[in-house]
């Protein structure tokens, strides 16, 4: 809790006010008032007999962290040769691994895990076919 919020609560009567030194007029909290104010904070019930809600501090050290998701396969991993062969059978010759990898990343940003091979082949074929079609070049 900030100092300004503490003194605001002192003015509202939630916490006990400090005692002032007679010589220097500096405020200080004797041990009895410190214990009473800590008890007020612990039981969430102010010195003015009103309930007040204090949020507990966050403990960053003991908070469990969620594991980070694993990184996708590296860019240098070769594309499945069966996929390139199937695309060649459909008329897309002279494809590089980089082109097919880029198409897979575009069509399936989350990866192709759990997707049927025929669905992957169809999506990649459509993507690559539309990418360099004759009517698309003039646009």
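Residue numbers (the working numbering): 1187 to 1325. From the three backbone atoms N, C-alpha and C, an ideal C-beta is built for every residue, glycine too.
When the options are compared against residue i, the one with the closest alpha-carbon
i            : options                : result
residue 1285 : 1229, 1317, 1295, 1302 : 1317
residue 1291 : 1281, 1306, 1196       : 1306
residue 1289 : 1311, 1300, 1302       : 1311
residue 1234 : 1202, 1269, 1189       : 1202
residue 1296 : 1208, 1255, 1227, 1223 : 1255
residue 1283 : 1275, 1269, 1315, 1190 : 1269
residue 1193 : 1223, 1241, 1211       : 1223
Euclidean distance between Cα positions of residue i and residue j
i            : j            : result
residue 1314 : residue 1242 : 56 Å
residue 1240 : residue 1253 : 31 Å
residue 1231 : residue 1207 : 28 Å
residue 1294 : residue 1266 : 15 Å
residue 1218 : residue 1226 : 12 Å
residue 1221 : residue 1228 : 10 Å
residue 1237 : residue 1214 : 25 Å
residue 1251 : residue 1187 : 26 Å
residue 1303 : residue 1276 : 15 Å
Host alpha helix (DSSP H) of residue i (start-end)
i            : result
residue 1269 : 1267-1275
residue 1190 : 1189-1198
residue 1292 : 1283-1293
residue 1227 : 1217-1229
Chain-order list of residues whose beta-carbon lies under 6 Å from that of residue i (same chain, five-residue window excluded)
i            : result
residue 1196 : 1203
residue 1278 : 1314
residue 1309 : 1293
DSSP-derived helix/strand/coil call for residue i
i            : result
residue 1301 : coil
Cβ shell of residue i (< 8 Å), same chain only, five flanking positions each side left out
i            : result
residue 1216 : 1205
residue 1274 : 1281
residue 1200 : 1226, 1232, 1233, 1234, 1236, 1238
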